[in-house]
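Chains as they are written, first to last, in numbering that gives the first Met the number 0: chain A, 0 to 197; chain B, 0 to 197.
First up is the structure itself, then whatever we jot down about it.
2 protein chains.
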Amino acid sequence: MRLEIWFEFASTYSYLTVSRAEKLLQDTEVELVWRPFLLGPIFADRGLDTSPFVLDPVKGQYMWRDMARRCEKYGIPFMRPHIFPMNGVKAARIMTTALDQPWCGTFARSVFSAQFGRGLDISDNIVLGNALETCGVPQEPWLNRAQLPEAKDALRAATDQAGRLGVSGAPSMVVGDELFWGDDRLEDAIIFACDERR
Amino acid sequence: MRLEIWFEFASTYSYLTVSRAEKLLQDTEVELVWRPFLLGPIFADRGLDTSPFVLDPVKGQYMWRDMARRCEKYGIPFMRPHIFPMNGVKAARIMTTALDQPWCGTFARSVFSAQFGRGLDISDNIVLGNALETCGVPQEPWLNRAQLPEAKDALRAATDQAGRLGVSGAPSMVVGDELFWGDDRLEDAIIFACDERR
């Protein structure tokens with residue numbers, strides 16, 4: 000069965016799922032499909048002009064404490080960046096053009112760990128270039144591909160599809176007709192995907 | 000260590016926590032403290048005039064599907080009521096006056112299971128009376144106590160305290176200075192409360 004992981008590069012809880020998913024799936028026969036998209040347009044459709052964690056500071060403060068605890072629980076490095084939410088558009092466009100590459104999961108993890116593990120700005124070409132280097136691929140061609148109209152169109156189409164699927168936040172997992180929202184539903188989504196009857 | 004469970008009778012995810020908590024705690028030395036409160040004033044402080052699950056229908060639709068799956072996972076009966084959110088004020092007032100009674104957890108479970116297990120209206124005195132009967136106590140005196148100014152004041156004070164604690168939704172667990180939000184953090188809150196160093 001296919002498990003789609005819809006994620007946004009600026010999303011804190013997407014960091015947890017992108018860091019955990021491949022390991023959780025390694026002894027299963029589930030096919031993992033990365034689906035980068037942008038939360039901005041999804042939020043805008045609901046009348047929100049930025050992250051709910053910024054619009055509601057009490058909720059935001061809780062989220063950062065929760066993230067610190069979750070990262071500790073999972074043994075994932077955590078550093079709260081000075082900027083939130085960061086601009087993840089360029090990272091998402093690179094990922095969108097690289098979905099058929101064997102290193103695309105490594106790229107996502109590397110960008111997330113730069114952002115939420117070391118507090119770096121992921122809109123910076125140096126940070127993105129380093130992530131590409133971690134994947135063993137040349138920086139320039141992939142940074143350039145992200146500027147092509149096809150990359151922009153593909154990311155826009157993915158975001159539209161997320162909206163149609165009823166995605167309200169990231170990460171969201173899709174297995175068949177079932178939608179699972181939040182890193183704390185990742186295990187449930189995997190169990191669902193592993194179910195032999197499906 | 001003390002584990003406070005802050006919950007609202009109209010809240011779907013509070014149903015899961017109220018149904019699960021006592022069993023999860025039975026072999027621990029954690030002291031469970033029920034803290035009924037009202038979400039309405041908390042939402043109002045954030046500029047919301049009802050549940051976020053009503054204000055955002057996409058999020059609401061997801062929540063009901065998620066609830067059905069979670070109830071199945073935990074073996075808890077589930078029926079989506081026709082009214083949401085219900086008026087849980089009377090139930091909360093009764094609970095508030097009964098916090099020193101050994102049956103107060105049973106009362107909470109009984110009210111929640113009437114609402115989300117059988118779809119009944121918990122603002123109805125018959126439903127509340129049945130819940131009191133399940134606890135083996137006479138209906139009239141407890142239904143009447145809920146009308147006393149002391150009951151109203153105590154519930155109002157609890158709701159104010161929830162606001163000061165940074166509670167944004169229900170259930171929320173408080174252990175020392177740590178706040179855990181959501182039924183999916185119940186296990187983490189219990190592990191935290193069990194930690195010997197605390």
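Beta carbons: idealized from backbone N, C-alpha and C, even for Gly.
Since the model is a prediction, treat every value here as computed from it, not as a measurement.
Contact list for the segment 43-63 of chain A against chain B, Cβ threshold 7 Å: Arg45, Asp55, Val57, Lys58, Gln60, Tyr61
is_contact[leucine 185 (chain A), chain B] using C-beta, thresh 8 Å: no
Within chain B, the residues that tryptophan 180 (chain A) reaches when beta carbons sit closer than 8 Å: Tyr61, Asp65
DSSP-derived helix/strand/coil call for tryptophan 180 (chain A): strand
Contacting residues, own chain, Cβ-Cβ under 8 Å from methionine 78 (chain B) (five flanking each side not counted): Phe115, Gly116, Arg117, Gly118
Enclosing beta strand (DSSP E) for arginine 34 (chain A) [first to last residue]: 30-35
Closest residue to tryptophan 102 (chain A) among A:Ser167, A:Glu28, A:Ala130, A:Met85 (Cα-Cα distance): A:Ala130
CB contact below 8 Å: serine 10 (chain A) versus chain B: no
Cβ shell of isoleucine 93 (chain A) (< 6 Å), same chain only, five flanking positions each side left out: Trp141, Ala145
Buried/exposed call for isoleucine 82 (chain A), threshold 16 Cβ in 10 Å: exposed
Short CB-CB distance (under 8 Å) between serine 167 (chain A) and chain B: yes
Leucine 178 (chain A) versus aspartate 194 (chain A): straight-line alpha-carbon distance, rounded: 15 Å
Length of the line joining the Cα atoms of valine 32 (chain B) and glutamate 149 (chain A): 57 Å
Phenylalanine 8 (chain A): CB within 7 Å of a non-hydrogen atom of the ligand HEM: Ligands displayed in this structure: none; no statement on the ligand HEM is therefore possible.
Beta-ladder partner(s) of phenylalanine 6 (chain A), from DSSP: A:Pro35
Spatial distance of alanine 161 (chain B) from glycine 39 (chain B) (CA atoms): 12 Å
Status (buried if at least 16 other CB within 10 Å, exposed otherwise) for leucine 147 (chain B): exposed
Continuous beta strand (DSSP E) stretch holding valine 173 (chain A): start and end: 171-174
Assigned exposure category for proline 56 (chain B) - 16 Cβ within 10 Å defines buried: exposed
Option nearest leucine 9 (chain B) by Cα separation, candidates B:Glu132, B:Pro84, B:Ser171, B:Ile41: Looking at the sequence itself, residue 9 (chain B) is alanine, so the reference to leucine does not match. Comparing Cα positions, the closest option is B:Pro84.
Pair within 8 Å by beta-carbon distance, leucine 200 (chain A) and methionine 172 (chain A): With chain A covering 0 to 197 only, the question about residue 200 (chain A) has no answer from this structure.
Distance between arginine 34 (chain B) and methionine 62 (chain A) (C-alpha atoms, nearest Å): 22 Å
Arginine 45 (chain A) - DSSP class collapsed to helix/strand/coil: coil
Residues that arginine 1 (chain B) bridges to, as DSSP identifies them: B:Glu30
Status (buried if at least 16 other CB within 10 Å, exposed otherwise) for threonine 49 (chain A): exposed
Interface flag, lysine 22 (chain A) vs chain D, CB-CB below 8 Å: Looking for chain D here will not work: the only protein chains present are A and B.
Selection from A:Leu154, A:Asp187, A:Cys70, A:Asp182 that minimises the alpha carbon distance to valine 174 (chain A): A:Asp187
Enclosing alpha helix (DSSP H) for asparagine 86 (chain B) [first to last residue]: Looking at the DSSP string, asparagine 86 (chain B) is not in any alpha helix (DSSP H), and its letter there is neither H nor E.
Distance between beta carbons of aspartate 182 (chain B) and leucine 37 (chain B), contact taken as under 8 Å: Not really, about 19 Å apart at Cβ, beyond 8 Å.
Within 8 Å, strictly: CB atoms of alanine 20 (chain B) and leucine 164 (chain B): no
Residue from A:Ala97, A:Pro76, A:Glu71 whose Cα sits closest to the Cα of valine 136 (chain A): A:Ala97
Reference glycine 59 (chain B); option with closest CA among A:Cys134, A:Val166, A:Thr11, A:Val53: A:Val166
Nearest neighbour of serine 112 (chain B), chosen from B:Ala169, B:Asp44, B:Thr27, B:Ile75 [CA to CA]: B:Ile75
Distance, serine 109 (chain B) Cα to glutamine 25 (chain B) Cα: 19 Å
Straight-line Cα distance separating valine 29 (chain A) from leucine 154 (chain A): 24 Å
Close Cβ partners of serine 13 (chain A) (< 6 Å) along its chain, the five nearest in sequence each way excluded: Phe6, Glu7, Ala169, Pro170
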